[in-house]
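Please read the structure below before turning to the comments.
Residue numbers (my numbering): 1 to 258.
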C-alpha cells in the first residue's frame, strides 16, 4: 500500500511496555534503550558473527566523530545501499533482503537481542547482503553516510512518543527528513510505515511542508526501484487485531535538485 499523505484517525497506540528511560547518548534521542538478555544461542551468534557483520557506534560524552561507512569493503562488493532505521527483531529486514539480493542493507538498531535475532536469521538464510550497526540512526546518517549515496531509507514503526511533551524525541522531524533527503541519491526512496495515527498525521504534515530550497522528497508516482512489500510482523499483527491501521508513505528524491 502506498499512502501519499492520507492518514487514519485511530489514536490508541502507545509505546511498548518493555522500554525504559535509559539513553545511549547524553543528548535528546529518538529511541528508548530496551533492556533484554540474550539467549545462549544468541550469545553464540553474537560472538561468532558480530565482529564481521556488526559495528558498534561510540557512546558517551567524550566520543569522537565516527569514521565513514565503507560499504564496498564491508560487503565485499559495490551495490545500491539501503539503510533501515530501527530494524527491531529483524523479521522484515531479513525477509526483504532475501527478496532483493542486488541491494545491500545496513540495519540500524539499539536493542541487542533484536540484532542478535537478526544475526541468526541472516546466518540461517545464508544472506550476504545484510550488515548491522548498533547505535543512533541520526549519527549513522550524519557521520557515516555521504550525500547522494543511498538507494533507500526505510523507517518502519518508529517509536511514536505519543505524549506532546515528548514529540521532540520523535525520529522524524523536519531536520531529519532534510538529512535523509540529502543522503538519498537522486531517485532514492524514503519508505515510512507507522500504526500510530497521530504520528502519521505528524509525518504527513512534515512531508507536505518541506522547504524546496533544501534537499527534499516528493510522493512517488512511478514504480519503485526497491521492494515495498513488507512481511507482517507480530507487532503489526497486534495492531491490526486492535483496530489500528498501518499508514505507509513512499517518497522519492527528485532526479534534479530544486
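Glycine is no exception: its CB is placed at the ideal position from the N, C-alpha and C atoms.
For residue 84, the secondary structure class from DSSP, reduced to helix, strand or coil, is strand. Looking at 199, 78, 110, the one whose alpha-carbon comes closest to that of residue 58 is 110. By alpha-carbon distance to residue 248, the top candidate from 195, 206, 224 is 195. In the same chain as residue 135, and ignoring 5 residues on each side of it, the C-beta atoms closer than 6 Å to its own belong to 57, in chain order. Measuring C-alpha to C-alpha distances from residue 206 to each of 155, 159, 175 identifies 175 as the nearest.
Between the beta-carbon of residue 230 and that of residue 171 there is about 18 Å, and that puts the pair past the 8 Å contact cut.
Looking at the backbone, the Cα of residue 142 and that of residue 234 are separated by about 31 Å. Straight-line spacing of the CA atoms in residue 70 and residue 242 works out to 42 Å. Contact between the segment 158 to 166 and the segment 189 to 203 is established, with three or more Cβ pairs separated by less than 8 Å. Distance between residue 43 and residue 116, taken at the CA atoms: about 8 Å. A Cβ-Cβ separation of about 6 Å places residue 252 in contact with residue 189 under the 8 Å criterion. Looking only at 222, 131, 256, the smallest Cα-Cα distance to residue 83 is reached by 131.
If you draw a straight line from the Cα of residue 183 to the Cα of residue 151, it comes to about 9 Å. The Cβ atoms of residue 227 and residue 100 lie closer than 8 Å to each other. Secondary structure within the segment 81 to 138: the beta strand (DSSP E) runs of 3 or more consecutive residues, fully enclosed, are 81 to 85, 104 to 109, 130 to 134 (chain order). Unbroken alpha helix (DSSP H) runs of no fewer than 4 residues, entirely contained in the segment 174 to 204, are found at 174 to 183, following chain order. Following the DSSP letters along the chain, one finds residue 49 inside the alpha helix (DSSP H) bounded by residues 40 to 53.
Beyond the five residues adjoining it in sequence on each side, residue 85 comes within less than 6 Å, by CB distance, of 108, 137, 155 in the same chain, given in chain order. By the C-beta density criterion, residue 77 is exposed, having fewer than 16 other C-beta atoms within 10 angstroms. In this structure residue 250 is in contact with residue 224, their Cβ atoms being roughly 7 Å apart against a cut-off of 8 Å. Under DSSP, residue 218 takes part in a beta bridge, and its partners are 252. Take residue 72, set aside five residues on each side of it, and the residues of its chain with a beta-carbon closer than 6 Å to its own are 78, in chain order. Short of 7 Å from the beta carbon of residue 92, and not among the five residues preceding or following it, lie these beta carbons of its own chain, in chain order: 156, 230, 231, 233. Residue 153 carries a strand assignment under DSSP once its states are collapsed to helix, strand and coil. Residue 215 sits buried, since 16 or more C-beta atoms from the chains shown fall within 10 Å of its C-beta. Under DSSP, residue 56 takes part in a beta bridge, and its partners are 134.
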